[in-house]
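Residue numbers (our numbering), protein chains in the order written: chain Y, 1 to 393; chain A, 1001 to 1393.
Shown next, in the form of structure tokens:
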């Protein structure tokens, strides 16, 4: 079997993952449309998810984990596409801060995603082909609406906790703003109540890189048996820089050469950082759908929680019954602490119960996915205290 | 005439600008090779330049301006390709801080550039075709060696001042380190003594974007009558973000929509920032050669002034007779103040005369090109004082 065959198998695998995921799926028929902010009723549609732990008798111990831009529902178990551990296996599991011995943990692939929830890589029942750009644009609120319909389907009225970082944190905030009575506790991490101009700019460059690839075929690459690999890899490389910090890059890579002692005077990956980024780009295209990347980045760009409340963020949380723990990282320049502070001020102004932890770290935005003892300790403390108030053992 | 014809004319114009620029050119024959760090003797070769003002009788009033990555020799006069004013017309001119009534100002296109100095878009005399990737890799030191040969040709032994920002600042530092006796005063602005891992990373993404464009044709696009427009535009868009600051982007664009009141729920440029970036990308490809972009970014990546002095930057400037004025901008995250401070410490350790000005600005790296009264005042003060010591009127 050649390398190319392996890749083709992976592509075939990914395509079927979009329609027939290895995860449990909640399917909604034409009578249960998902009402999208774009003004479209999406139906039929489906949402793929994973659960860990057991729902207790009074259905009060459910924790919803919301994933970030390129994450998925495989938060604490082997990922069927990459074969790697779950993306938050350090935080979610037996005896861990989100303790699956105590809590029923749910994580669902977002609407617009490519891991089994309906998105641009899913088959359009009207044509039998992938939706591609015929899929309607989605928003963070649409992602949350879809999750709420899943939570209904699972028979859960109120979530004990909603937690997520980055785009996952946006969903946490949207949950608390849209369904305050359904969220007992909320933990938005390394996030913001709106996407900044700089972040929109970085996303736009990534989208243009994908669309510049002739193998994108105006989004119809799946029909034509190709993929915009180079464009998506460039998008991922650029984005990846924003997930790290300059000090972390300096510490990890500096100006160290890759497998050589002197520059080659060529365009080879002379520096370790180049070789690392190229690897990040190459591996990403094996696991992620390019159109999904366009849709999900766009959803983040559109996010502005204050906008639906006359520009006043505090109104989004007025009288909220939810208890919050907001976390940021000192070296995160994509979602800097100043954004978390603005959020905390708005929550305070809205009368909410808010804790705020700024974690000293040089690891940049990605710190929320890494081994950060302070994050784990703060999460454990907040969750244990909230569980005590909720009367959970 | 269609839009396409106009573009073709521009391409033709740019091609001839590489070989037969509208600027004065110093030509060096096979007996006067440019010795490159790559171990290659480049010959024949040429360097295109502009001058402003008059050289005085004792040839002591020459100021060399070094341009940045995508700049050129048209520092203070109309650019023949873009039809726009010179890129530093606010700083260089009669009565301005670099006063062309007093000084003889020289600015040359860098080696590897595309505005008349030999580079990958120039015709290779061996083949008659553009060099493309047959052009040897160049370094900042090579750029400075080429300028030194031009300065020799112009009959100038010692430069009164060498000044430049960003990559121009790297050349200033290399001048002072390589030819200390030929540099009376030096003004490196918004620069660093080495390119950081993060900056290498951003450059690598830009190069990969260019090379991912099928119209790049492994560098042979000029022969084939095409250009990697989309790839180069993506590279420019990404780079442009790094030239600005988050506060400036927020102030200038925020989340403001472009010509609309609500999102279109499409991949159109809904936000002003998107439309602005797309325009930056589109206009850049009209004036800059894609291969030059690869070469010149690579030269910056290779820059590490300490490396040629056993890793000790101070040794590069030991006993330097040059007087320095180092400047940085508070919101510049590409070449942050911490890099300028490291430089100042090294200059102090080397026994140099150093002034340091950190300018409060929210305009990011590009502040050095903009109307910054503090920059102008500091430049005027430094230059006037140095001129007095040098006995220049």
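All C-beta atoms in this analysis are idealised placements derived from N, C-alpha and C, irrespective of residue type, glycine included.
Here the structure is a predicted model, which means the values were calculated and not measured.
- Taking residue 366/Y as the centre and dropping the five residues before and after it, the same chain places the C-beta of 243, 244 closer than 8 angstroms to its C-beta, in chain order.
- For a Cβ distance threshold of 8 angstroms, nothing in chain A lies close to residue 243/Y: the least Cβ distance comes to about 11 angstroms.
- Contact note: residue 1198/A reaches chain Y through 241, 246, 249, using a C-beta cutoff of 7 angstroms and chain order.
- Counting along the chain, residue 376/Y sits inside the alpha helix (DSSP H) bounded by residues 373-390.
- By the neighbour-count definition (other C-beta atoms within 10 Å, threshold 16), residue 1251/A is an exposed residue.
- Contact with chain A is absent for residue 335/Y, since none of that chain's Cβ atoms lies less than 8 angstroms from the residue's Cβ.
- Taking a cut-off of 8 angstroms for Cβ pairs, the stretch 1313-1332 of chain A and the stretch 1291-1298 of chain A do not touch, as fewer than three such pairs fall below it.
- Any Cβ of chain A closer than 8 angstroms to the Cβ of residue 304/Y would place that residue at the interface, and such an atom is present.
- Between residue 1086/A and residue 1074/A, the CB-CB gap stays under 8 angstroms.
- Beta-bridge annotation (DSSP): residue 1046/A is paired with 1027/A.
- Counting C-beta atoms within 10 angstroms of its own C-beta, residue 136/Y has 16 or more neighbours from the protein chains shown and is therefore classed as buried.
- Under the Cβ criterion of 8 angstroms, residue 331/Y is not counted among the residues facing chain A.
- Within the model, the alpha-carbon separation for residue 1185/A versus residue 1371/A is close to 23 angstroms.
- Beta-carbon to beta-carbon, residue 94/Y and residue 380/Y are separated by about 14 angstroms, too far to satisfy the 8 angstroms threshold.
- Rounded to the nearest angstrom, the gap between the Cα atoms of residue 1151/A and residue 1157/A is 7 angstroms.
- With a minimum length of 4 residues, the unbroken runs of alpha helix (DSSP H) contained wholly in the stretch 296-375 of chain Y fall at 313-316, 337-349.
- Using a Cβ distance threshold of 8 angstroms, residue 1289/A and residue 1120/A count as a contacting pair.
- Taking a beta-carbon distance threshold of 8 angstroms, residue 213/Y counts as an interface residue toward chain A.
- In this chain, the beta strand (DSSP E) harbouring residue 187/Y covers 183-189.
- Residue-level contact check: residue 190/Y does not touch chain A, since none of the beta carbons of chain A fall below 8 angstroms from its beta carbon.
- Taking each of 1349/A, 1201/A, 1273/A in turn and checking the Cα distance to residue 1254/A, the smallest one comes out for 1273/A.
- Per the Cβ contact rule, the stretch 1271-1286 of chain A is in contact with the stretch 1233-1242 of chain A (3 or more Cβ pairs under 8 angstroms).
- Residue 41/Y carries a strand assignment under DSSP once its states are collapsed to helix, strand and coil.
- If you check each beta-carbon in the stretch 26-55 of chain Y against every beta-carbon of chain A, the ones closer than 8 angstroms belong to 37, 38, 39.
- Contact of residue 273/Y with chain A by beta-carbon distance below 9 angstroms involves 1197, 1198, 1200, 1201, 1204.
- Boundaries cannot be given for residue 1225/A, as no alpha helix (DSSP H) includes it and DSSP labels it neither H nor E.
- By the neighbour-count criterion, in which a residue is buried when 16 or more other Cβ atoms sit within 10 angstroms of its Cβ, residue 1031/A is exposed.
- Bridge partners of residue 161/Y according to DSSP: 63/Y, 185/Y.
- The C-beta of residue 17/Y has 16 or more other C-beta atoms within 10 Å across all chains shown, which makes the residue buried.
- In this structure, DSSP gives residue 1123/A an extended state, which the three-state scheme calls strand.
- Within the stretch 124-139 of chain Y, the residues whose Cβ lies closer than 8 angstroms to some Cβ of chain A are 133, 136, 137, listed in chain order.
- Residue 131/Y sits in coil when the DSSP states are folded into three classes, being neither helix nor strand.
- Look at the beta carbons and you see the stretch 1164-1182 of chain A not touching the stretch 218-234 of chain Y: under three pairs across the two are nearer than 8 angstroms.
- Out of 1051/A, 1044/A, 1045/A, 1070/A, the CA that lies nearest to the CA of residue 1024/A is found in 1051/A.
- Contact note: residue 1301/A reaches chain Y through 255, 263, 270, 271, 274, using a C-beta cutoff of 9 angstroms and chain order.
- Counted as a single uninterrupted DSSP element, the alpha helix (DSSP H) harbouring residue 1234/A occupies residues 1229-1243.
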